[in-house]
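Engineer: Numbering-wise (my numbering), the sequence shown opens with residue 245 and increments by one. Heads up, the beta-carbon is just placed ideally off N, CA and C, and yes, glycines get one too.
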Amino acid sequence: MKSVMSRRMSALLAVMVMGFAVSACGEAKPPQPPPPAPPEYADKHMPDGYWGNEEIIAQGKDIFIGKENIDVNCASCHGKDGKPLKAGARDFRKGEHMAKFSDAQWFWRVSEGIKGTKMKAWKSKLSEDDRWKVIAWESTFGLKGQEYSVAEEKWVALGTAKTAEEVAAEKVAAEKAAAEKAAAEEAAAKVSEPAGGEAAGEAQTEKAQTEKAPTGEAQTEKAPTGEAPK
Ligand code: HEC
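1) Mapping DSSP to helix, strand and coil, what is E356?
2) Closer than 6 angstroms to a non-hydrogen atom of ligand 1 - does that hold for the CB of S320?
3) For the beta strand (DSSP E) that contains Q390, what are its first and last residues?
4) State the Cα-Cα distance for the pair Y392 and A380, rounded to the nearest angstrom.
5) Assign L370 to one of two classes, buried (16 or more other C-beta atoms within 10 Å of its C-beta) or exposed (fewer than that).
6) Using DSSP bridges, identify the partner residues of V400.
7) So, do the region 319-327 and the region 277-284 have three or more beta carbon pairs nearer to each other than 8 angstroms?
8) Suppose you measure from the CA of A331 to the CA of H341; what does that come to, to the nearest Å?
9) In terms of residues, what are the limits of the alpha helix (DSSP H) holding S368?
10) Between the region 381-400 and the region 341-351, can you find at least three pairs of beta-carbon atoms closer than 8 angstroms?
11) My understanding is that A343 touches W399, with C-beta atoms under 8 angstroms, so please give their C-beta distance in whole angstroms.
Shown next as structure tokens:
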């Protein structure tokens with residue numbers, strides 16, 4: 245009796261393990277970042293003050309669950325809490341997947357839908373403002389406490405997004421630091437150059453010049469022909 249039980253148990257366990265392995269495999273496939281938003285959507289961004297705004301998020305939730313308009317029920321496929329109900333829908337609870345989208349890409353997908361999937365275009369049923377509200381809500385499933393920083397092109401903690409000016413200033417400072425470092429390294433290399441280094445360098449330069457010379461001559465000879473048609 246005991247052995248039958250344990251055999252059953254181990255069979256059950258095997259099935260569970262296999263099931264887990266299969267689903268783990270499915271999950272392991274790295275999600276591809278979406279294609280860049282087309283030009284008409286590339287410059288669309290979350291309105292100022294919407295990220296993390298409780299009121300906006302609450303309104304977005306009502307849209308998402310079909311409370312605002314029963315014809316618009318995102319939750320019927322995407323799940324009330326972002327856990328997909330329909331096969332193929334992305335799991336909105338996975339922050340690392342969701343972070344592959346910029347705000348413009350989310351907006352574009354919601355506006356135009358995705359051809360060949362159940363995801364319709366919602367632009368005729370939702371105003372731009374409503375689409376942003378629903379995205380503000382959607383983002384809380386996997387990216388709560390974050391906002392998309394347009395200038396940095398990534399998701400960052402709420403309230404820490406840098407302005408384009410700040411990003412540009414940082415870039416200039418980084419380039420300056422890199423140039424200074426390179427100059428310092430060059431100076432250090434000159435000081436520590438071995439005694440034979442210069443002679444070897446000269447020999448190489450001579451060789452290079454000798455080799456190059458014929459080609460240089462050939463080019464000079466050709467030059468007049470090139471100019472002739474003018
Ligand atoms: C009839 C089912 C269905 C409904 C309703 C629906 N979606 Fe989708 N949605 C999908 C499917 C299927 C996909 C494509 C697969 C996927 O998620 O990648 C998708 C994709 C998306 C994507 C892009 C994710 C991606 O993987 O590219 C977003 C964003 C999205 N839906 C938001 C919404 C919003 C917001 C609503 C409500 C206005 C909504 N969906 C309503 C089924 C649905």
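Structural biologist: The relevant details are as follows:
1) Translated into positions along the sequence shown, residue 356 becomes position 112. Residue state, collapsed to three classes: helix.
2) Indexing the sequence shown from 1 puts residue 320 at position 76. Yes, the beta carbon of S320 sits closer than 6 angstroms to at least one heavy atom of ligand 1.
3) Position 146 of the sequence shown, counting from 1, holds the residue named residue 390. Start and end: Q390 to S393.
4) Here residue 392 corresponds to residue number 148 of the sequence shown, with the count starting at 1. Here residue 380 corresponds to residue number 136 of the sequence shown, with the count starting at 1. Each residue's alpha carbon lies about 10 angstroms from the other.
5) Taking the sequence shown and counting its residues from 1, one reaches residue 370 at position 126. Flag for L370 reads buried.
6) Taking the sequence shown and counting its residues from 1, the one referred to as residue 400 is at position 156. V400 is bridged to E391.
7) no
8) Here residue 331 is taken as the residue at index 87 of the sequence shown, counted from 1. Here residue 341 is taken as the residue at index 97 of the sequence shown, counted from 1. Approximately 16 angstroms between the Cα atoms of the pair.
9) Here residue 368 refers to the residue found at position 124 when the sequence shown is read from its first residue. Taken as a continuous stretch (DSSP letters only), S368 belongs to no alpha helix (DSSP H), as it is neither H nor E.
10) yes
11) Against the sequence shown, residue 343 aligns to sequence position 99. Against the sequence shown, residue 399 aligns to sequence position 155. Contact holds; Cβ gap of about 5 angstroms.
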